[in-house]
Amino acid sequence: MTIMRLKMLAACAVAIVTLHHPASALEMPKGEVILTVTGPNLEHPNSKNVAVFDLEMLEKLAGRTGTMETPWTSGKVTFTGPLLRAVLEAAGAHGKSMKVRALNDYAADVPMEDAMTLDTMLATRMNGNTMSVRNKGPLFLIYPFDSTPSLFNEKYFSRSVWQIKQIEVSE
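Each residue of the sequence shown is one higher than the last, beginning at 2 in the working numbering.
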């Protein structure tokens, strides 16, 4: 067999294995898990049938920083974190709605449209510091009140969950 034929056979074998066993796009967390994403059709689970994230994984995703006033803070505060849509894309989560659940089991129903059309973020930092549970962390769903003032109302306030632990995506 010629070297060219061997290379072609090797390339075909790699292609077949890749097609049957696609690589997971989501790595395993190295630190403490702070977010679990669940749903019936996750494309990138990294732990059984769920996607779990640590702080480092979340902070590597596409994100934003926004300085704004909120009903829950004093004066202008700067929030930083991954865009909610980037987190959902990393998990391969698709659906029509989400239930965003806090550590105390409070939950809010959030339309998937909020993640896809608005620059909503899962804030991991407030004024540059990681957010402790005492200060609404580890994650806080923040709407872009700074760039879209029309969102500053009770409808979006009720969806702005803090101390987030889980996002359940549904059809």
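The beta-carbon is built from N, C-alpha and C at its ideal position, and this holds for glycine as well.
These numbers were taken from a predicted model, which means no experiment stands behind them.
Of the choices 76, 161, 60 and 98, whose alpha-carbon is the least far from that of residue 131? 60
Measuring only the C-alpha atoms, how far is residue 101 from residue 154? Rounded to whole angstroms, the gap between the alpha carbons of residue 101 and residue 154 is 19 Å.
In terms of alpha-carbon separation, which member of 172, 127 and 97 lies closest to residue 69? 127
Considering residue 118, what are the terminal residues of the alpha helix (DSSP H) in which it resides? 113 to 118
Rank 146, 172, 142 and 168 by C-alpha distance to the C-alpha of residue 161 and give the top, closest one. 142
Thinking C-beta only, is residue 104 closer than 8 Å to residue 166? Yes, they are a contact pair.
Neighbour-count burial assignment, residue 163, 16 or more Cβ in a 10 Å radius: buried
Do residue 64 and residue 76 have their beta-carbon atoms positioned less than 8 Å apart in this structure? Pairing residue 76 with residue 64 gives a Cβ-Cβ distance that is not under 8 Å.
Element boundaries [beta strand (DSSP E), containing residue 141]: 141 to 143
CB residue 51 to CB residue 99, shorter than 8 Å? no
In the DSSP assignment, the beta strand (DSSP E) including residue 80 goes from what residue to what residue? 78 to 83
Thinking just about the alpha-carbon of each residue, which of 152, 125 and 107 is nearest to the one in residue 85? Ranking 152, 125 and 107 by Cα distance to residue 85 puts 125 first.
DSSP three-state call for residue 1: helix, strand or coil? Nothing in the structure corresponds to residue 1, since the chain is present only between 2 and 172.
Based on the DSSP output, what are the partners of residue 100 in its beta bridges? 110 and 169
How about residue 97 and residue 172: are their beta carbons less than 8 Å apart? yes
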